[in-house]
Amino acid sequence: MADPTRESSSVSRGSPVVLSPGEGSAAVGLPSSGPRQRRRGVGWPARLEIAVLSGPAIIIFLTFVIFPVAMAAYYGFYAWKGYGVPTNFIGLKNYVTIFHDGLFLDALNHNATIVVLSLVMQGPAAIGLALLLNKKIRGKSVVRVLIFVPYVVSEVIVGTGWSLMLQTTGAVNDLLKNIGLGGFAHDWLSDPKIAIWSLMVIISWKYIGFAVLLFLAGLQGIPAELSEAAAIDGASYWQTQRRITLPLLGPTVRIWAFLSIIGSLQLFDLVYIIWGQYVSSTAGTSTMATYMVTNGRNSGNFGYGNAVAVVLFMISLVIALLYQRFVLRRDTEGALTGGTE
Amino acid sequence: MPATTLDAPAQVPGSHRERAKRDWSNPTIYFIALLLVATMLAPVVYIIIGGFRTNSQITNSPAGLPSPWEIGNYLNVLKGGVFWQEVLNSTISAVATTVGVVVLGLMASYVLARYRFRGRAAMYTLFAAGLMFPMTVAITPLYIMIKSLGLMNSLPGIILPQIAFGLPTTVIILVPFLRAIPNEIEEAAAIDGCSRLAFFFRMVVPLSVPGVITVGILAFIGSWNNYLLPLFILNDQGTFTLPLGVQAFASQYSVDTAKVLAFTSLSMIPALVFFSLFERRIVGGLTGAVKG
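These protein sequences, in sequence, are chains A and B. To convert, take the position in the first sequence, counting from 1, and add 3; that gives the working numbering. To convert, take the position in the second sequence, counting from 1, and add 1182; that gives the working numbering.
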């Protein structure tokens, strides 16, 4: 199928870096039709392919993600108990209530704490572990499987297990007592000063495997030639990691941080399962999402709950857009313009 | 023609081997790795071992080992039909979700990665924006929609939304993967008369296997562990997936800690088995595949 756009685009994106000067001429001589001018035009066959390939994904995505979210925005303007069509339009009253509710502001505050602590606690540790597991050590594959175990285990199981362990009469305190550190025994789950740290430990434990998995994949994408060349030039292992590996891992780290921030803002399952809907606010671990379910569905105030959902979404959106604008920009820019590598 | 660049590293295998030898004998690394593994496994081991104890053992010495080992809790769970029904439901839901996410996600990512057309940036942004739509935001309207579609208490009622919510991550991960396929391969295929669609099926699909496995596993685990959506959609005990089952079991037998632990540890086995089967292929990396 003669499709000029294909050839032109691929040639313009081709990386001549790979070619040695002598061999390059053969490839360059291939399609000489001015590549850059033709970029915009897309032939009908290509359009059909685009529609057929991306259509199903777009349809299912719009139906089950975008449409319900739009409906949430709509319901948020109503006082609605969830029966029939909402009729009691109250404008922005739900939103005014949300921002005057101390419990919501607490939850917002907890979310912010969780975002920051997740990045600080998981990021450096995960990079270190990925570097470690990227080395040639014995039993590496076994270690790699085992550290992903917490990520694979469901939130319900993690929540059930940890809440049993962290009870005042649970295994953790018993263990501390047995090894003579009884003074360190605490009420891990109810003490407002400690509960958020317990939550952070559980979150880090559960999700660090995912970070390591992403970073390992990123490390695999870095050509070994680079560190080998550096080794020949006399660079030490740490110099190589700092000057070559870490900068090249940058895009992966930035994507991970993005996913982590969004995940922290939307945290629900673990808090809801471990602390339940009422204890979480007194223990200082409530999140916007648990606030939403508690004060929305569980109280029968579907309109109010949806307004909270909209606030949660808007906060996530603003942060995500800012992040994309200022942090991910160079990565996606390269991605969207098919930048050379 | 890229042979020259690929040959280069072959000249310096010495340094490689030296470094490998040094790491091999470094005890600090093994100590850290051991510590790490112990930390990651301790809570899981607690759950599994707890299932082998009796309630009085657990009350008297919460952090102790079973003495004697009681297998009754596990047998009790395995003999009941509830557990197996829930395993089946979880499996159907997870497999269908994974297939849907991978097939739809791969096709859309291919378009985003290798076609140039107006609206491509908008399409990418649409999917990327999906990362910001947690299921919690959409859950109430989603519940109403599923209800009006007549999919309440049915597995398709959770499978379809799971596919939709799995697409953003899939697209974000697969697009760079597909873009990384060297244009030389596509050019060569084009010269051999390969159409773009044929290129998709013959080259892109096999070459993207590492990326597909990664997103497939994420989708599978996401579905297997999903809690909120089944909580809203599945009210009938016969359609419960494992997370709902664990919760229902935990509240039904809240005083019988040992039995809860046994049920909990059995319910995590399938996901663990699945994961350990495929983990090997996740970190293969596309570069290796293309180079080889």
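A virtual CB, placed ideally from N, CA and C, is assigned to each residue, including glycine. This one's a predicted model, so the numbers in the text were calculated from it and none came from an experiment.
Short CB-CB distance (under 7 Å) between Asp177 of chain A and chain B: Using beta-carbon distances, Asp177 of chain A counts as an interface residue toward chain B, with a partner under 7 Å.
Please report the straight-line C-alpha distance between Leu262 of chain A and Phe1213 of chain B, rounded to a whole angstrom. Within the model, the alpha-carbon separation for Leu262 of chain A versus Phe1213 of chain B is close to 30 Å.
Can you say whether Tyr1256 of chain B is buried or exposed, counting buried as having 16 or more other CB atoms within 10 angstroms of its CB? When all chains shown are included, Tyr1256 of chain B counts as buried.
Please list the partners that Trp165 of chain A has in chain B, where partner means a Cβ-to-Cβ separation under 8 Å. Within chain B, the residues Pro1225 have their CB atoms less than 8 Å from the CB of Trp165 of chain A, given in chain order.
Mind checking the region 305-319 of chain A against chain B and listing, in chain order, the residues whose C-beta falls within less than 7 Å of any C-beta there? Within the region 305-319 of chain A, the qualifying residues are Phe305, Gly308, Asn309, Ala312, Leu315, Phe316 and Ser319.
Does Phe1315 of chain B come within less than 7 Å of chain A when only Cβ atoms are used? Closer than 7 Å: yes.
Using Cβ-Cβ distances below 8 Å, what residues of the region 1376-1388 of chain B are close to chain A? Of all residues in the region 1376-1388 of chain B, Ser1377, Arg1378, Leu1379 and Phe1382 have a Cβ within less than 8 Å of some Cβ in chain A.
Hey, does Met203 of chain A have any beta-carbon neighbour from chain B nearer than 7 Å? Cβ-Cβ to chain B under 7 Å: no for Met203 of chain A.
Close-in-space but distant-in-sequence residues of the same chain around Leu1333 of chain B (CB under 6 Å, 5 per side omitted): Around Leu1333 of chain B: Gly1339.
Applying a beta-carbon distance threshold of less than 9 Å, which residues of chain B neighbour Thr172 of chain A? At a beta-carbon threshold of 9 Å, the residues of chain B lying near Thr172 of chain A are Thr1241 and Pro1244, ordered along the chain.
Using a Cβ-Cβ distance under 7 Å, would Ile264 of chain A count as near chain B? No, Ile264 of chain A does not count as interfacial toward chain B.
Short check: CB of Asn1237 of chain B to CB of Thr1439 of chain B, under 7 Å? The Cβ-Cβ distance between Asn1237 of chain B and Thr1439 of chain B falls below 7 Å.
From the DSSP secondary-structure annotation, give me the bridge partner or partners of Phe92 of chain A. Beta-bridge pairing links Phe92 of chain A to A:Tyr81.
Would DSSP call Val1283 of chain B helix, strand or coil? DSSP places Val1283 of chain B within a helical segment (H, G or I) once states are collapsed to three.
Any C-beta of chain B sitting closer than 7 Å to the C-beta of Pro127 of chain A? Not an interface residue.
Cβ-heavy atom distance between Ala1245 of chain B and the ligand PLP below 6 Å? With respect to the ligand PLP, the structure shown offers nothing to examine, as it has no ligands at all.
Taking any Cβ of chain A, which residues in the region 1257-1272 of chain B have a Cβ under 8 Å from it, in chain order? So nothing in the stretch comes that close.
Nearest-angstrom Cβ-Cβ length linking Phe1457 of chain B and Val155 of chain A, presumed shorter than 8 Å: At roughly 5 Å, the Cβ-Cβ gap stays under 8 Å, so Phe1457 of chain B and Val155 of chain A are in contact.
Could you confirm whether any beta carbon from chain A is found closer than 7 Å to the beta carbon of Asp1205 of chain B? Residue placement at Asp1205 of chain B cannot be trusted, given a pLDDT of 49 that sits under 50; what the coordinates show is reported in the next sentence. At least one C-beta of chain A is nearer than 7 Å to the C-beta of Asp1205 of chain B.
Is there a C-beta anywhere in chain A that falls below 7 Å from the one on Thr1312 of chain B? One point to set straight first is that residue 1312 of chain B is Gly, not Thr, in the sequence displayed. Answer yes: the Cβ-Cβ gap between Gly1312 of chain B and chain A drops below 7 Å somewhere.
Report the three-state DSSP secondary structure of Ala317 of chain A (helix, strand or coil). For the sequence presented, residue 317 of chain A should be read as Met rather than Ala. Correct three-state label for Met317 of chain A: helix.
Are there 16 or more other CB atoms within 10 angstroms of the CB of Ile1415 of chain B, so buried, or fewer, so exposed? Buried: at least 16 other Cβ atoms inside 10 Å.
Same chain, Cβ closer than 7 Å to Val1420 of chain B, five either side skipped, listed in chain order: A quick correction: the sequence has Gly, not Val, at residue 1420 of chain B. If the five residues before and after Gly1420 of chain B are omitted, its C-beta is found closer than 7 Å to the C-beta atoms of Gln1267, all from its own chain and listed in chain order.
Would a check of beta-carbon distances place Asp190 of chain A closer than 7 Å to chain B? Not a single C-beta of chain B is nearer than 7 Å to the C-beta of Asp190 of chain A.
Would you mind sorting His113 of chain A into buried or exposed? The rule is 16 or more other CB atoms within 10 Å of its CB. By the 16-neighbour rule on beta-carbons within 10 angstroms, His113 of chain A is buried.
Can you give the Cα-Cα distance for Leu331 of chain A and Leu324 of chain A, rounded to whole angstroms? In a straight line, the C-alpha of Leu331 of chain A is about 10 Å away from that of Leu324 of chain A.
Under 8 Å by Cβ, that's how I've got Arg147 of chain A and Leu135 of chain A pegged, so tell me the actual separation to the nearest angstrom. No, Arg147 of chain A and Leu135 of chain A are not in contact; Cβ-Cβ is about 10 Å, not under 8 Å.
Ignore the nearest five residues each way along the sequence and tell me which others in Phe92 of chain A's own chain have a CB closer than 7 Å to its CB. Here the set comprises Phe80 and Tyr81.
How many Å lie between Gly183 of chain A and Pro1250 of chain B at the Cα? Note on geometry: alpha-carbon atoms of Gly183 of chain A and Pro1250 of chain B lie some 26 Å from one another.
Quick check: the Cα distance between Ile318 of chain A and Asn1417 of chain B, rounded to an integer number of angstroms? Spanning the alpha carbons of Ile318 of chain A and Asn1417 of chain B requires a straight line of approximately 32 Å.
Out of B:Asp1374, B:Ile1367, B:Tyr1409 and B:Ile1403, which one is the CA nearest neighbour of Leu1389 of chain B? Taking each of B:Asp1374, B:Ile1367, B:Tyr1409 and B:Ile1403 in turn and checking the Cα distance to Leu1389 of chain B, the smallest one comes out for B:Ile1367.
Below 7 Å between beta carbons: does that hold for Pro1350 of chain B and Gly1312 of chain B? Yes; because the gap between Cβ atoms is below 7 Å, this pair is in contact.
Starting from the C-beta of Phe1460 of chain B, find all residues in its chain whose C-beta is less than 7 Å away, skip the five residues before and the five after it, and write them out in chain order. Residues of the same chain with a CB within less than 7 Å of the CB of Phe1460 of chain B, apart from the 5 flanking positions on each side, are Ile1395 and Ile1399 in chain order.
Report yes or no: is there a C-beta of chain A within less than 7 Å of the C-beta of Thr1210 of chain B? No, Thr1210 of chain B does not count as interfacial toward chain A.
Give the DSSP-derived three-state secondary structure of Leu136 of chain A in the structure shown. For Leu136 of chain A, the three-state secondary structure derived from DSSP is helix.
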